[in-house]
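Counting along the sequence shown from 1, when you hit position 318 you're at 339 in my numbering, and nothing is skipped either side. We treat Cβ as the ideally placed atom computed from N, Cα and C, and that holds for glycine. Just so it is clear, the structure is predicted and the values come from calculations on it, not from any experiment. Below is one structure, written out as structure tokens, with a few remarks after it.
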Amino acid sequence: MNTASHPILVIGAGIAGVTSALEAAEAGQPVLLIEREPAIGGRVLRNHHYFPKLCPPSCGMEINTGRLERNPRIRLMVDTEVAAAQKSADGWQVTLRHKPAYVKDSCTECGDCMSACSERIPDPFNYGLTEVAAIRPYHNDAYPRRFVLERSSCIDGCQACSDACPVHAIDLNAEPWEETVDVSSVILATGWQPYPLENLGELGGGRLRDVVANVHLERMVAPSGPAQGKIVRPSDGKEPRRVAFVQCAGSRDVNHLPYCSAICCLASLKQAAYVKEQNPDAEVTIYYIDRRTPGRNEEMLQHAENSEGIRLVKGKVGKIEDDGQGGMTLRVEDVESGKILDATADLVVLATGMMPSARRESLPFDLQLDPDGFILDQWNAGLFAAGVSRRPEDVASSVRDATGAAAKAIAAAVRSA
Ligand SMILES: Cc1cc2nc3c(=O)[nH]c(=O)nc-3n(C[C@H](O)[C@H](O)[C@H](O)COP(=O)(O)OP(=O)(O)OC[C@H]3O[C@@H](n4cnc5c(N)ncnc54)[C@H](O)[C@@H]3O)c2cc1C
């Protein structure tokens with residue numbers, strides 16, 4: 022096979038970006054894979070289990086990290102973003118900006134720095150539900166494995182972590198640095214962000230402590246989450262008996278996200294099962310507008326329908342308020358009876374959708390976006406989107422999509438060589 026003269030650049034090392042990089046490299050193309058966070062894996066790794074198999078996402082990611090390690094054609098750079106990009110005759114000239122490496126590769130992960138650090142910060146991996154030391158391992162399954170430092174949180178003049186390090190692996194004066202590279206084509210696999218809970222004040226988002234988002238529930242049920250894997254109410258730490266899932270929370274709504282995120286119905290069915298596993302006596306109600314579980318995923322819907330203690334109610338939740346007795350009241354338009362109901366719950370999970378992370382202002386390419394902000398392919402410019410940066414989808418679809426993006430990027434690169 023012909024190869025392009027320059028490597029393919031893959032931006033974002035979630036499941037889509039990692040897949041594109043591996044597929045292109047295993048087909049013979051050199052690849053630069055960059056990730057702005059300190060570790061790869063994206064948002065899938067924040068899930069406790071993932072459908073359809075309901076296994077921990079770290080298992081699938083381990084297979085991919087093994088493939089990455091074995092492939093000399095891939096150069097992986099974490100803590101890296103694109104600072105500038107210029108179209109060239111045979112691709113792009115791109116400036117990569119690397120964040121300061123405060124913790125060097127010689128770190129042995131002994132943890133002495135973490136014990137010495139007095140600064141606590143909201144843990145970004147747990148969506149701020151827990152606090153961690155400013156210097157710490159990024160998360161349990163992080164690859165590459167090394168400690169990270171949130172330098173902006175350090176107290177002026179403090180160097181307790183570096184003083185405590187027995188192998189002098191901490192450089193508090195590290196600087197960012199840049200390099201310019203020529204690439205043949207670019208795959209944008211920049212993924213998604215959760216729709217902000219605070220935008221859903223009428224549903225209690227950001228206002229009632231026991232109204233959480235679906236992404237929070239994934240962390241709550243994870244052993245490394247805020248209550249060591251127990252699903253509890255944030256307000257009082259008690260196990261909830263009545264749990265309500267509100268579907269399309271801020272989705273398919275012109276005031277919020279006008280589109281369907283494709284995964285929220287399945288995510289709530291999965292999460293309803295988490296609740297029942299922990300507390301078989303729990304009463305779970307899923308309020309939905311439509312039940313979207315395409316293809317073989319319909320089995321998850323059938324499983325929920327056949328489970329005692331899980332009710333599916335076709336109804337739109339319009340308002341959620343504190344009931345003054347330690348619970349919450351949900352004002353629901355019950356579509357089948359045509360009545361307005363007042364339901365109660367101890368914990369409410371809002372099934373919020375996925376918003377594209379990519380912004381024209383944060384990526385220096387002349388991106389073409391669809392009306393919802395998802396990235397469109399540009400064959401002439403050699404720019405291709407993969408995974409949720411292209412459209413809302415699940416992991417299996419993101420992987421298929423990313424394989425397609427690799428094939429398109431190779432074709433464009435070889436044509437322009
Ligand atoms: C509550 C919830 C539960 C879910 N559960 C499941 C499930 O059980 N099964 C399932 O199949 N799917 C599930 N999904 C969907 C799944 O999370 C997505 O399909 C998956 O995350 C898509 O991967 P991605 O690589 O496209 O994006 P992401 O996971 O978002 O990865 C994108 C990566 O790009 C990086 N990045 C972004 N911008 C830049 C930049 N400018 N420069 C460098 N790097 C950048 C990010 O840091 C990130 O690492 C769930 C979604 C939600 C909301």
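- Within the chosen limit of 7 angstroms, ligand 1 does not reach the beta carbon of Thr424 with any heavy atom.
- Residue environment analysis places Glu90 among the exposed positions, since fewer than 16 neighbouring C-beta atoms fall within 10 angstroms of its C-beta.
- Apart from sequence neighbours up to five positions away, the residues of its chain that approach Leu238 with a beta-carbon distance below 8 angstroms are Ile252, Gln292, Tyr295 and Val370, ordered along the chain.
- Ala60 is a Cβ neighbour of Val99, given a cutoff of 8 angstroms.
- Residue state for Thr314 is assigned as coil, using DSSP reduced to three classes.
- Val52 sits buried, since 16 or more C-beta atoms from the chains shown fall within 10 Å of its C-beta.
- Close CB contacts of Gly227 within its chain, under the 6 angstroms cut and outside five residues either way in sequence, are with Leu218 and Glu219 (chain order).
- For Ala364, the enclosing beta strand (DSSP E) covers residues Lys360 to Ala366.
- Residue state for Cys76 is assigned as strand, using DSSP reduced to three classes.
- Pairing Phe168 with Arg380, the inter-Cα distance amounts to about 29 angstroms.
- Straight-line spacing of the CA atoms in Glu354 and Leu170 works out to 48 angstroms.
- DSSP, read as helix, strand or coil, puts Glu354 in strand.
- The Cβ neighbour count for Cys269, taken over all protein chains shown within 10 Å, is at least 16; the residue is labelled buried.
- Going by beta carbons, Asp162 and Ser79 fall inside the 8 angstroms limit.
- According to the DSSP assignment, Ala270 belongs to the beta strand (DSSP E) that extends over Arg263 to Ala270.
- Burial state of Ala438 is exposed, judged by a 10 Å Cβ sphere holding fewer than 16 other Cβ atoms.
- DSSP places Ala155 in the coil class of the three-state scheme, outside both helix and strand.
- Taking the CA atoms as reference points, Asn327 sits about 14 angstroms from Glu304.
- Under the three-state reduction of DSSP, Leu388 is assigned to coil, being neither helix nor strand.
- The count of Cβ pairs closer than 8 angstroms, one atom from the stretch 374-390 and one from the stretch 202-213, reaches three, so the stretches are in contact.
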